[in-house]
Amino acid sequence: MSGDLLRIEGLTKMFGGIQAAHNIDYTLSKGEIAAIIGPNGAGKSTVFGLITGAQKPDTGRIWFEGRDITGLPAHEIVNAGISRAFQVANIFPKLTVLENVRSSLQVRRGHVFSLFGDARRLCAEEAGELIDRCDLSDKRLLEAADLSQGDKKRLELAIALSSAPKLLLLDEPVAGMSRDEASQTMDLVTRLNEEMGLTILFTEHNMSIVFGHAKRVLLLHRGEAIIDGSPQEVRDSPVAQEIYFGEQVL
Amino acid sequence: MAMPAPAKETTAKPPGQPDLSLCVGLFLAPAFFLVPLLPGEYPVYVATEILILGLFAMSFNLIYGYMGQISFGHAAYFGLGAYATALLMQYLQQETGAVGYFGFFLSMLIAVPVSALGALIIGFFIVRLTGIYFAMLSLAFGELLFYIVFSWYSFTKGDDGIQGLLPPAFFRDVYNFYYFTLIVVACALLVMWRISRSPFGYTLRMLRENAQRAAFVGINVRLTMLVNFVLAGAFAGLAGSLWGPFQRSVSPALLGWHESGLAIFMSLIGGAGYFIGPVVGSIVYTGLYAYVTRFTDYWPLTIGVIILAVVLFAPGGLLSLLDNALRRLREKRDGDGERRERKP
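So the protein lines, in turn, are chains A and B.
For the first sequence, counting from 1, position 191 maps to 190 in numbering that gives the first Met the number 0; every step adds exactly one.
For the second sequence, counting from 1, position 50 maps to 49 in numbering that gives the first Met the number 0; every step adds exactly one.
Rendered as structure tokens:
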């Protein structure tokens with residue numbers, strides 16, 4: 000299928016004796032917004048790590064826009080168009096919000112080895128727009144380390160977006176946020192998907208967020224793909240209820 | 000001398016507040032210009048050494064303060080540059096024992112590519128590691144180069160070093176050579192200043208702050224580290240090229256870990272988080288060394304106490320004391336006004 004943005008085939012990864020991902024097949028089309036769910040240790044973060052080059056799969060292949068990206072280093076995968084935000088906000092703590100975003104934009108524009116350009120001018124305007132879009136306008140001059148947990152996650156989203164991705168992977172994008180912050184952030188994520196056509200794949204523990212925003216849900220359990228379907232299909236599946244929702248109730 | 004203190008607080012501090020660096024720089028520039036007005040040649044001699052070692056420490060701080068890695072072997076590139084200049088000067092020596100003007104400048108210029116090449120070859124291996132492994136590998140390579148220079152008698156004269164390096168007549172004058180050094184160092188610092196504010200400078204800060212995120216922003220971490228390592232080596236080589244004509248000799252000790260320690264001390268004393276910090280550190284270290292050793296043999300004790308005091312009471316270096324004092328003043332003036340943007 001050439002219309003797929005992302006195609007995963009037979010992805011397997013072992014950590015020691017633990018099967019973090021086992022023979023996972025998955026495809027994502029352009030413009031989709033999908034979620035990966037599963038109990039702790041189901042392999043969600045592992046799948047993200049494998050897609051983005053943080054780890055190399057033992058077997059299996061990953062194609063992005065028809066190009067085999069299996070095992071490429073992380074920075075090349077970013078430049079191919081896959082960007083990610085981590086479960087724990089991963090930012091540049093001693094730089095200001097503006098510097099975080101502006102510098103990331105400069106990387107995307109190929110200014111990494113520009114020795115004599117003026118870093119404060121390059122991409123400053125775009126950085127401002129991106130910061131506005133992520134609701135951080137009034138905090139742009141703060142050091143990132145001083146931000147609240149929610150703002151840090153939003154900053155990381157801005158950093159991830161500055162790479163101009165075609166596919167955005169969000170690992171628990173609203174973890175640690177207040178209810179208001181969470182809904183604000185998910186609204187932003189939805190807008191990115193609907194208005195800009197950005198393909199988004201996220202993981203989340205909060206089921207109302209998953210079912211409220213994802214159009215497709217993949218359930219992982221012990222590294223295996225159990226169900227891949229609409230939120231309704233997953234919700235109604237007895238297997239899913241047993242391994243996931245059953246556990247949650249307990 | 001004590002072992003260099005490990006990177007601590009200073010690594011986490013951004014090379015911020017260049018306002019302060021700029022102010023200190025604007026104050027130091029005329030001060031250095033006027034040093035020759037002091038009585039006697041000794042202050043000029045000391046100031047020359049301050050500048051050369053200051054440039055060397057600044058080059059080290061590209062790796063430490065900006066990129067967040069510590070090198071225990073940075074003197075290797077300082078020494079490589081010094082030897083490149085010395086060997087070529089010796090080769091181009093005229094019958095008078097001195098080297099011509101063209102030969103002099105050529106000998107100095109050659110130091111930069113030689114040191115850069117050395118840093119490229121060694122850096123290729125070192126940038127595969129970070130943290131303590133980076134530090135240890137840099138030390139190992141530094142000592143390796145030291146022993147090569149130390150043992151290769153037929154080429155480097157080994158332990159004897161290379162003596163009797165006579166620059167052309169004009170540069171033999173202490174004052175002329177001082178101003179020449181001042182110009183070279185000032186130009187190098189201007190270039191480094193531009194680099195520190197360039198996108199590349201910010202890429203280095205990103206590596207220092209969070210190398211993992213940097214990779215996931217699309218930065219080729221190793222390549223960027225290597226480029227910076229070569230840059231730092233080139234600037235160290237430039238500093239080294241001034242050393243031979245200044246001292247009229249070079250010796251293997253210039254490549255040793257002791258010399259590498261100087262750059263670390265100077266950066267820590269002045270403030271690795273400040274652009275101009277290493278130069279301030281060099282003023283304190285070299286200046287004290289020049290005058291304290293006149294009165295006491297207990298130099299290691301003296302500098303040990305100073306470094307202890309800096310690490311304990313001003314972990315961001317002396318400039319951080321000044322910085323904090325200025326900030327308190329500003330806050331007092333503005334009430335508890337809002338935070339301003341740092342403009343690194």
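Backbone N, C-alpha and C define an ideal beta-carbon position, used for all residues, glycine too.
| Item | Value |
| --- | --- |
| Quick one: is Asn323(B) near chain E, going by C-beta distance under 8 Å? | The chain labelled as chain E is not found among the protein chains of the depicted structure, namely A and B. |
| Please report whether the beta-carbon of Phe215(B) lies at a distance below 8 Å from any beta-carbon of chain A. | yes |
| May I ask which residues mark the beginning and end of the alpha helix (DSSP H) holding Leu25(B)? | 17-33 |
| In this structure, does DSSP put Gln18(A) in helix, strand or coil? | strand |
| DSSP state of Thr254(A), grouped into three classes? | This structure gives no information on residue 254(A), because the portion of chain A shown stretches from 0 to 249. |
| Looking only at its own chain, which residues have a Cβ that is under 8 Å from the Cβ of Leu287(B), when we skip the five neighbours before and after it? | Thr301, Ile302, Ile305 |
| At a CB-CB cut-off below 7 Å, which residues of chain B make contact with Gly116(A)? | Ser197, Pro198 |
| Which residue marks the beginning of the alpha helix (DSSP H) containing Trp242(B), and which one marks its end? | 220-246 |
| Compare the C-alpha of Phe140(B) against each of Val126(B), Glu40(B), Asn175(B) and name the closest. | Val126(B) |
| Kindly say whether Val96(A), judged by its beta-carbon, lies nearer than 8 Å to any beta-carbon of chain B. | no |
| Would you tell me roughly how many angstroms separate the C-alpha atoms of Gln93(B) and Leu105(B), rounded to the nearest one? | 15 Å |
| What are the boundary residues of the alpha helix (DSSP H) that Ser169(B) is part of? | The displayed chain sequence assigns Phe, not Ser, to residue 169(B). Segment 168-171, the alpha helix (DSSP H) holding Phe169(B). |
| For Arg83(A), decide whether its Cβ has a neighbour in chain B, counting only Cβ atoms nearer than 8 Å. | yes |
| Can you tell me whether Trp256(B) is buried or exposed, with buried defined as 16 or more other CB within 10 angstroms of its CB? | buried |
| Leu218(A) lies in the beta strand (DSSP E); which residues open and close that run? | 215-220 |
| In three-state DSSP terms, what is Trp151(B)? | coil |
| Check each candidate in Leu54(B), Phe26(B), Phe123(B) and name the one with the smallest Cα separation from Met191(B). | Leu54(B) |
| Just checking: is the beta-carbon of Asn219(B) within a distance shorter than 8 Å of some beta-carbon in chain A? | yes |
| Which residues of chain B have a Cβ atom closer than 8 Å to the Cβ of Ala73(A), listed in chain order? | Ala214, Phe215 |
| How would you label Ile62(B), buried or exposed, when you count the other beta carbons within 10 angstroms and need 16 or more for buried? | buried |
| Consult DSSP for Ala41(A) and reduce its assignment to one of helix, strand or coil. | coil |
| Using only alpha-carbon positions, find the residue among Phe199(B), Arg212(B), Ser319(B), Leu328(B) that is nearest to Phe85(A). | Arg212(B) |
| Would you list, in chain order, the members of the region 41-54 of chain A that have their beta-carbon closer than 7 Å to a beta-carbon of chain B? | Thr51 |
| For the candidate residues Pro167(B), Gly67(B), Phe71(B), Arg196(B), whose alpha-carbon lies nearest to that of Leu21(B)? | Arg196(B) |
| Measuring only between beta-carbons, confirm whether Gln105(A) sits less than 8 Å from chain B. | yes |
| Going along the chain, which unbroken runs of the beta strand (DSSP E) with 3 or more residues stay wholly within the region 79-149 of chain B? | none |
| Got a sec: is the Cβ-Cβ distance from Val23(B) to anything in chain A below 8 Å? | no |
| Can you give the beta carbon distance from Ile158(A) to Asn78(A), rounded, assuming they're within the 8 Å contact cut? | About 15 Å separates the two Cβ atoms, so there is no contact after all. |
| Does the region 9-20 of chain A come close enough to the region 51-60 of chain A that 3 or more CB-CB pairs lie under 8 Å? | yes |
| Could you pull out every residue in the same chain whose Cβ sits closer than 6 Å to the Cβ of Leu165(B), ignoring the five residues on either side in sequence? | Gly96, Ala97 |
| Would you say Leu189(B) reaches chain A, if we count a Cβ-Cβ gap shorter than 8 Å as a contact? | no |
| Between Tyr177(B) and Ala46(B), what straight-line distance do the alpha-carbon atoms span, to the nearest angstrom? | 8 Å |
| Let me make sure I understand the geometry here. Which of Gly24(B), Ala81(B), Arg329(B) has the alpha-carbon closest to that of Gly243(B)? | Ala81(B) |
| Looking at chain A, is there any beta carbon in it that lies within less than 8 Å of the beta carbon of Thr202(B)? | yes |
| Within 10 angstroms of its Cβ, does Pro38(B) collect 16 or more other Cβ (buried), or is it exposed? | exposed |
| Given a cut-off of 8 Å on the beta-carbon distance, is the pair Val106(A) and Gly67(B) in contact? | no |
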